[in-house]
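Report on one structure; see the data block that follows.
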Amino acid sequence: MERLFIKGMTWGWSAKRGDYRTEEAADSIRKLKETGSEWIALSFWTWQDTVHSTQIPFDYGFTVTDRDIEAAVREARRSGLKICLKPVVNSRDGLWRAHIGFPEEDNGSPSYWDTWFESYTNFLVHYAELAEELGCEMFCVGCEMVKTESQTARWTQTIARVREVYSGPLIYNANHGSEDGVAWFDLVDVIGTSAYYPVGSVPGDTEDNMIAKWLPIRDKMERLHRKFNKPVVFMEIGCRSAHGCATMPWDYLHQDLPFSEEEQANFYSSVIQVFWDQPWFGGFFWWDWSVKLYPLSEAKSNRGFDVYGKRAGQILTEWYTGR
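Mapped onto the working numbering, the consecutive letters of the sequence shown carry residue numbers 13 to 335.
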């Protein structure tokens, strides 16, 4: 079997209805392709009201439509990109989706878990059918849904329903540090994780120090691969170009931190060096590439995750195009 290795980027996040069907979006995809990327994780979300809500309604005022997704897929195809479709559920109360969960009940009636999983399965099956129709090369069945992961029997049923309508490979996106809590990775084809590991010990840490912190993480990921005999993909990974962000790569809230192109570059370079040649490692979907990019003239002041016009982008392009 040919080794899976994804040279990828996440695209589509933080977009609202209609944003994918703009010239800015098309330009963004063309510039993404120039990094040497071969894949995008086309990632978008809808809402449930709270982490304890059992229904996932479609938000007709915000969530991107099927027509939007079709337009994004067409534009990605024009640039020769493969697509992993990644629908996500967020909670409107502002709590992280990892907290979606319910108490167990034993009163003979359908439980909160049953009701939520029925709604979530319907949500997934809709987009899995769309992924099949559009020829998307991969489909993501969930992202960082930590409190749901103990529900093995329910996940088994959900994934079986997805496989009824989608014929391609499936991936589940665990969260960094909680990968061992997913007992059902054998049900998907690819193990995914959000690899926001804090490899910076201090703000402005060096590349060598970050490499040293990645090595035991690599060992952990290899053990996960050996347990399930599946490739491991960093379904999300990245850090902002802000001082101290390698100590908390997941962070997007501390907008007052000063710009640091070098720390972001060290994060990128260190993890690429440590993981690239591992035969069990399946590649990267970096977080993330904006649907509407900032002007290139603003790259040296932008403190977001984007690498457009930044040193980390140069490093990524060197690896993606040179190897």
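In this text, a Cβ means the ideal position worked out from N, Cα and C, and glycines have one as well.
All of these numbers come straight from a predicted model, not from anything done at the bench.
### Message
Quick check: K94 and E149, are their CB atoms within less than 8 Å of each other?
### Response
What you label residue 94 is simply residue 82 of the sequence shown in a count that begins at 1. What you label residue 149 is simply residue 137 of the sequence shown in a count that begins at 1. Contact flag set, yes.
### Task
Starting from A186, follow the beta strand (DSSP E) in both directions and report where the run begins and ends.
What you label residue 186 is simply residue 174 of the sequence shown in a count that begins at 1. Unbroken beta strand (DSSP E) run through A186: 182 to 187.
#### Entry: DSSP beta-bridge partners of M21
Here residue 21 refers to the residue found at position 9 when the sequence shown is read from its first residue. Secondary-structure assignment with DSSP links M21 through a beta bridge to I52, W298.
### Query
Of the choices R86, L227, V214, whose alpha-carbon is the least far from that of I284?
Reading the sequence shown from its first residue, position 272 is the one you call residue 284. Nearest to I284 by alpha-carbon distance, out of R86, L227, V214, is L227.
### Task
Pull up the DSSP beta-bridge partners for W59, would you.
Along the sequence shown, read from residue 1 onward, the residue named residue 59 stands at position 47. DSSP output for W59 lists N102 as bridge partner(s).
### Query
Just how far apart, CA to CA, sit Y32 and W23?
Counting from one through the sequence shown, the residue named residue 32 turns up at place 20. Counting from one through the sequence shown, the residue named residue 23 turns up at place 11. Taking the CA atoms as reference points, Y32 sits about 10 Å from W23.
### Task
Could you tell me the distance, in whole angstroms, from the CA atom of R89 to the CA atom of E248?
Counting from 1 along the sequence shown, the entry for residue 89 is found at position 77. Counting from 1 along the sequence shown, the entry for residue 248 is found at position 236. Going from the Cα of R89 to the Cα of E248 covers about 22 Å.
### Message
What would DSSP say about L16, mapped onto helix, strand or coil?
### Response
As a working note, residue 16 is residue 4 in the sequence shown. L16 falls in the coil class under three-state DSSP.
### Task
Let me know if K304 comes out buried or exposed under the rule of 16 or more other beta-carbons within 10 Å of its beta-carbon.
Looking up residue 304 in the sequence shown gives position 292. It counts as exposed.
### Query
Under the three-state reduction of DSSP, which class applies to G321: helix, strand or coil?
As a working mapping, residue 321 is identified with position 309 in the sequence shown. Here DSSP, grouped into helix, strand and coil, assigns G321 to coil.
### Query
So does W25 have its beta carbon nearer than 7 Å to some heavy atom of the ligand MG?
Only the bare structure without any ligand can be found here, which leaves the ligand MG out of the picture.
### Message
Quick check: what's the CA-CA separation for N185 versus E35?
### Response
Position 173 of the sequence shown, counted from the first residue, corresponds to residue 185. Position 23 of the sequence shown, counted from the first residue, corresponds to residue 35. Near 30 Å, if we compare the C-alpha coordinates of E35 and N185.
### Task
Locate the alpha helix (DSSP H) running through S282, then write down its first and last residues.
The count along the sequence shown starts at 1 and reaches residue 282 at position 270. 273 to 287 is the extent of the alpha helix (DSSP H) around S282.
### Task
Determine the DSSP secondary structure at E248, reduced to helix, strand or coil.
Numbered from its first residue, the sequence shown carries residue 248 at position 236. Three-state DSSP puts E248 in a strand.
### Query
Helix, strand or coil: how does DSSP classify F114 here?
Looking up residue 114 in the sequence shown gives position 102. Coil, per DSSP.
#### Entry: Secondary structure of P151, DSSP reduced to three states
Here residue 151 corresponds to residue number 139 of the sequence shown, with the count starting at 1. Sequence inspection shows Phe at residue 151; the Pro mentioned does not correspond to that position. F151 falls in the strand class under three-state DSSP.
### Message
Please list the terminal residues of the continuous alpha helix (DSSP H) segment that includes I41.
### Response
Taking the sequence shown and counting its residues from 1, one reaches residue 41 at position 29. Going by DSSP, I41 is part of the alpha helix (DSSP H) stretching over 35 to 45.
### Query
How many Å lie between R235 and I68 at the Cα?
Here residue 235 corresponds to residue number 223 of the sequence shown, with the count starting at 1. Here residue 68 corresponds to residue number 56 of the sequence shown, with the count starting at 1. As the crow flies, the alpha-carbon of R235 is around 35 Å from that of I68.
#### Entry: Candidates L142, G334, T58, T168, of which the one nearest G180 by Cα
Counting from one through the sequence shown, the residue named residue 180 turns up at place 168. The residue from L142, G334, T58, T168 with its alpha-carbon nearest to that of G180 is L142.
### Query
Along the chain, which unbroken stretches of the alpha helix (DSSP H) at least 4 residues long are found entirely within the segment 153 to 240?
Runs of the alpha helix (DSSP H) lying entirely within the segment 153 to 240 and spanning at least 4 residues, in chain order: 164 to 177, 219 to 240.
### Task
Run the CB neighbour count on T168, radius 10 Å, all protein chains shown included, and call it buried at 16 or more, exposed below.
Taking the sequence shown and counting its residues from 1, the one referred to as residue 168 is at position 156. Residue burial annotation: T168 is exposed, with fewer than 16 other C-beta atoms found within 10 angstroms of its C-beta.
### Query
What's the gap between the Cα of T218 and the Cα of G212?
Counting from 1 along the sequence shown, the entry for residue 218 is found at position 206. Counting from 1 along the sequence shown, the entry for residue 212 is found at position 200. Put simply, the backbone Cα of T218 is about 8 Å away from that of G212.
### Message
Taking a contact to mean a Cβ-Cβ separation below 8 Å, would you say V244 touches M233 in this structure?
### Response
By 1-based counting over the sequence shown, the position of residue 244 is 232. By 1-based counting over the sequence shown, the position of residue 233 is 221. Contact: yes.
### Query
Counting Cβ pairs closer than 8 Å, one from the segment 43 to 50 and one from the segment 182 to 197, do we hit at least three?
Touching, no.
### Task
Taking F129 as part of the alpha helix (DSSP H), name the residues at either end of that continuous run.
Walking along the sequence shown from the start, residue 129 turns up at place 117. Boundaries of the alpha helix (DSSP H) around F129: 124 to 146.
### Task
Give the straight-line distance between the Cα atoms of S313 and V214, rounded to the nearest whole angstrom.
Your numbering for residue 313 matches position 301 in the sequence shown. Your numbering for residue 214 matches position 202 in the sequence shown. If you take the alpha carbons of S313 and V214, they lie about 22 Å apart.
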